[in-house]
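Take a look at the structure set out below.
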Amino acid sequence: MVHSDRVRSVLEDAKPPDWLDGDDPYADIDIEQLPDWWHDAIVEFREHNLSPYRPPRFTDDVLVPPLIFQIETAYDIEIKLVGVNVDHGDTWEICVDGEVASTVKRERLSDGYTLYKMTSEKFLDIVQTQL
1438 MVHSDRVRSV LEDAKPPDWL DGDDPYADID IEQLPDWWHD AIVEFREHNL SPYRPPRFTD
1498 DVLVPPLIFQ IETAYDIEIK LVGVNVDHGD TWEICVDGEV ASTVKRERLS DGYTLYKMTS
1558 EKFLDIVQTQ L
């Protein structure tokens, strides 16, 4: 098992890059160099003529997918953010290895990304408590 300080160090690495805030954030980016999850989302958004994909974030501006990947890898667990039959404004479940650990509110912002309304530290604490 990986020590929690190593997971906490990823919080800084999961900050969105400056170029992500542009109108066409991928205009000067070789998307083949991005992680698979990011590349695949960009391609899917483009195929459906959606505005550019911007990864979801926590309230402290930490990107959700790389943090979840890092925690899953460190603890050999599966984490899912799940919303079943939800309406706008409803809470979503934070599931760790299929068990509901907590809930989180989320909102789609006009900036083009989803905001999970908790800090990445709080999310990490919830997951670690579930272990």
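Each residue of the sequence shown is one higher than the one before, counting from 1438 in my numbering. Beta carbons: idealized from backbone N, C-alpha and C, even for Gly.
Contact belief for residue i with residue j at Cβ below 8 angstroms, rounded distance in angstroms
i	j	result
N1493	P1462	The question names Asn, yet the displayed sequence has Pro at residue 1493. Not really, about 15 angstroms apart at Cβ, beyond 8 angstroms.
K1517	T1528	Not quite, the Cβ-Cβ distance comes to about 14 angstroms (not below 8 angstroms), so this is no contact.
V1499	K1554	Their Cβ separation, rounded to whole angstroms, is 13 angstroms, which puts V1499 and K1554 out of contact at 8 angstroms.
R1483	Y1550	About 16 angstroms; that fails the 8 angstroms criterion.
W1456	I1466	6 angstroms
Three-state secondary structure assigned by DSSP to residue i
i	result
T1528	strand
Y1512	helix
K1554	coil
T1566	helix
A1478	helix
K1517	strand
D1523	Going by the sequence as given, residue 1523 is Val instead of Asp. Reduced to three states, the DSSP call for V1523 is coil.
L1487	coil
V1499	coil
K1452	coil
When the options are compared against residue i, the one with the closest alpha-carbon
i	options	result
H1525	W1474, E1515, D1455, L1552	L1552
T1566	V1537, L1487, G1549, E1544	V1537
D1534	P1454, D1497, E1469, I1508	I1508
D1460	T1556, L1568, D1548, V1564	D1548
L1546	D1467, V1480, T1496, P1472	T1496
V1519	R1491, T1556, C1532	C1532
E1515	P1454, L1568, D1458, V1521	L1568
Residue burial classification, residue i (beta-carbon count within 10 angstroms, cutoff 16)
i	result
L1487	exposed
V1564	buried
The ligand GDP heavy atom lying under 7 angstroms from the CB of residue i
i	result
F1495	No copy of the ligand GDP occurs in the structure displayed, which carries no ligand at all.
Counting pairs of Cβ atoms below 8 angstroms between the stretch 1544-1563 and the stretch 1493-1513, do you hit three or more? The stretch 1544-1563 vs the stretch 1493-1513: in contact.
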